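Using our numbering, read the first sequence as starting at 5 and increasing by one per residue. All C-beta atoms in this analysis are idealised placements derived from N, C-alpha and C, irrespective of residue type, glycine included. Since the model is a prediction, treat every value here as computed from it, not as a measurement. Structure, as structure tokens:
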Amino acid sequence: MPFGDIQNNLKKESLWGSWCPFEYGHRFTALSLEETLMGGQSFDWHPIANLHWRGRVERNIFECRWQNGEAEWRCQKKTVHPEELIEKYFCLGAGYEASLNELPWRSDPILDLCMKQLKGLRILRQPLDQTLFFFILSSAKSIPQIQAIGDAVFQRYGDQLIEDMYSFPGWAKLAEIPEEDLRLLKMGYRAKYISQSAKFINDQPGWLESIPQMKYVDAKNELLKLPGVGAKIADCALLFGGNFLEAFPIDTWIEKSLEKRYSLEGWSTSQKTHFARVHFGKFAGLAQQFLFSAERLGILDKH
DNA sequence: CTCCAGGAGATAT
DNA sequence: ATATCTCCTGGA
């Protein structure tokens, strides 16, 4: 490595604060930390080394890593009140554990296995505007593809946060972008959804911001008004971007999982939604996350 | 080359 | 209500 690069890296490194353990760090495992950041609920995190990720929390850059058997985080020195940001973003605190305890794990051996194998898996509290954006992009796309398209949009239209990370441009900015320009960023048919949803949101100031205050059913019905937002994407936006832990998104993984693990072959999607609400209860979204990750990682077939 | 993804919307029954 | 087709792109 040339001397200039070494100096440059030292300079970059000096911008970072020291590593901190998570306050409830013992609850993460290497697997659950990775799955929380990279499992498809967020598209803000990028791996930069083995078990080491960099990502956005609001307009700040944080890093997380698994080191010496525990989870750690750090952020740039200029970040204001980083502990509060982390606590909020990762939903740290006793309330989350209490919610997990209300899931029917005592009577559901499948859920119990998922929760034991993925101990520490969390649902993040992300901003609704950006989460909605990513999940409109998500239809019939894999996680890396969604992230790549998002990165391109952020880089082209967002603000630069650090060397290679940019902010979510916001719906107001997206409303100004011609649909054809969005198509150039490989959105395909989703470009129309983004463009039209941006106009819808822009034409009704305060509408999107009011959604997190609503009851779940009302919030979902509002989001369903957006072009490109059906039941699945509305539930993803509410669960990952609106702190609605009762939202139970049913994608093809969960659809197949419910059929296979809970013998719901032949049930319609709406019947499965009803089953989930009755069986998993008011924190069904938490159960969904454990079930989804377990299927994705192939955990249930091993046991 | 064909097929189909972590979906939604339009159309037809 | 339910079934089928199409919409872009990229990877198997």
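So who's on the other strand from residue 170, going by DSSP bridges?
-> In the DSSP assignment, residue 170 is bridged to 164.
Beta-carbon gap between residue 154 and residue 47 smaller than 7 Å = The answer is yes: Cβ separation under 7 Å.
Cβ neighbours of residue 228 in the same chain (closer than 8 Å, five flanking residues each side left out) | Once the five neighbours on either side are set aside, the close Cβ partners of residue 228 are 234, 235 and 238.
Would you mind listing the alpha helix (DSSP H) stretches within the stretch 47-111 that are 4+ residues and don't spill past its ends, in chain order?
-> Taken in chain order, the unbroken stretches of alpha helix (DSSP H) that lie wholly in the stretch 47-111 and span 4 residues or more are 86-93 and 98-105.
Hey, residue 49 and residue 41 are a contact pair by Cβ (cut 8 Å); roughly how many whole angstroms apart?
-> Taking a contact as a CB-CB distance under 8 Å, the pair residue 49 and residue 41 counts as one, their CB atoms being some 4 Å apart.
Secondary structure at residue 25, three-state DSSP: helix, strand or coil?
-> Three-state result, residue 25: strand.
What residues in its chain sit with their C-beta under 7 Å from that of residue 288, if we drop five residues either side in the sequence?
-> Within the same chain, residue 288 has close Cβ partners 250, 252, 280 and 281.
What are the uninterrupted segments assigned as beta strand (DSSP E) that are 3 or more residues long and contained completely in the stretch 161-233, given in chain order?
-> The stretch 161-233 contains these whole beta strand (DSSP E) runs: 164-166.
Can you tell me which of 66, 57 and 121 puts its alpha carbon nearest to the alpha carbon of residue 305?
-> The candidate whose alpha carbon is nearest that of residue 305 is 121.
Endpoints, the alpha helix (DSSP H) within which residue 113 is located = Boundaries of the alpha helix (DSSP H) around residue 113: 113-121.
Considering only C-alpha positions, which residue in the set 292, 172 and 168 is nearest to residue 162?
-> If we check each option's Cα against that of residue 162, 172 comes out closest.
Do you know offhand how far residue 32's Cα is from residue 43's?
-> Going by the C-alpha atoms only, they are around 14 Å apart.
Determine the direct distance from the alpha carbon of residue 140 to that of residue 204, and round the result to whole angstroms.
-> Roughly 14 Å separates the two Cα atoms.
Between 110, 63, 71 and 115, which lies nearest to residue 90 when the distance is taken from Cα to Cα?
-> For residue 90, the closest of 110, 63, 71 and 115 by C-alpha to C-alpha distance is 63.
Fully enclosed by the stretch 254-288, which alpha helix (DSSP H) runs are 4 residues long or longer?
-> Residue ranges of uninterrupted alpha helix (DSSP H) with 4 or more members, entirely inside the stretch 254-288 and ordered along the chain, are 256-265 and 273-284.
Of all the options 221, 169, 10 and 218, which has the alpha carbon lying nearest to the alpha carbon of residue 52?
-> Nearest to residue 52 by C-alpha distance, out of 221, 169, 10 and 218, is 169.
Taking all protein chains shown into account, decide if residue 125 is buried (16 or more other Cβ within 10 angstroms of its Cβ) or exposed.
-> It is buried - the Cβ of residue 125 has at least 16 other Cβ atoms within 10 Å.
Within its chain, find whatever has a CB closer than 6 Å to the CB of residue 295; leave out the 5 residues flanking it on each side and keep chain order.
-> 118 and 261.
Using CA coordinates, which residue listed in 216, 72, 298 and 164 is at the minimum distance from residue 129?
-> When each option's Cα is compared against that of residue 129, the closest is 216.
Which residue comes first and which comes last in the alpha helix (DSSP H) that contains residue 249?
-> Unbroken run through residue 249: none, as it is neither H nor E.
Exposed or buried, which one is residue 219 when buried takes at least 16 other CB atoms within 10 Å?
-> Burial is judged here by how many other beta carbons sit within 10 angstroms of a residue's own beta carbon; residue 219 has fewer than 16 and is exposed.
Near residue 231, what residues of its chain come up, given a Cβ to Cβ distance below 8 Å and the 5 sequence neighbours on each side ignored?
-> Cβ neighbours of residue 231 beyond the five flanking positions: 196, 197, 200, 201 and 204.
Near residue 67, which residues of its chain fall below 6 Å by C-beta distance, leaving aside the five closest residues on each side in sequence?
-> Closer than 6 Å at Cβ, skipping near neighbours: 58 and 78.
What is the rounded straight-line gap between the Cα of residue 243 and the Cα of residue 300?
-> Near 18 Å, if we compare the C-alpha coordinates of residue 300 and residue 243.
Considering only C-alpha positions, which residue in the set 100, 258, 136 and 127 is nearest to residue 302?
-> Distance from the Cα of residue 302 is smallest, within the candidate group 100, 258, 136 and 127, for 258.
Other residues of its chain near residue 61: CB distance less than 7 Å, five sequence neighbours each side excluded = If we look at residue 61 and ignore the five residues flanking it on each side, its Cβ neighbours are 89 and 93.
Distance CB(residue 65)-CB(residue 80) smaller than 7 Å = Contact flag set, yes.
Are residue 87 and residue 25 closer than 7 Å when you measure CB to CB?
-> If you check the CB distance, residue 87 and residue 25 do not come in under 7 Å.
Are residue 107 and residue 157 closer than 7 Å when you measure CB to CB?
-> For the 7 Å CB-CB criterion, residue 107 and residue 157 do not form a contact.
Hey, could you find the ends of the alpha helix (DSSP H) residue 304 is sitting in?
-> In this chain, the alpha helix (DSSP H) harbouring residue 304 covers 303-306.
Grab the span of the alpha helix (DSSP H) containing residue 34 for me, first residue to last.
-> Boundaries of the alpha helix (DSSP H) harbouring residue 34: 34-42, taken from the DSSP string.
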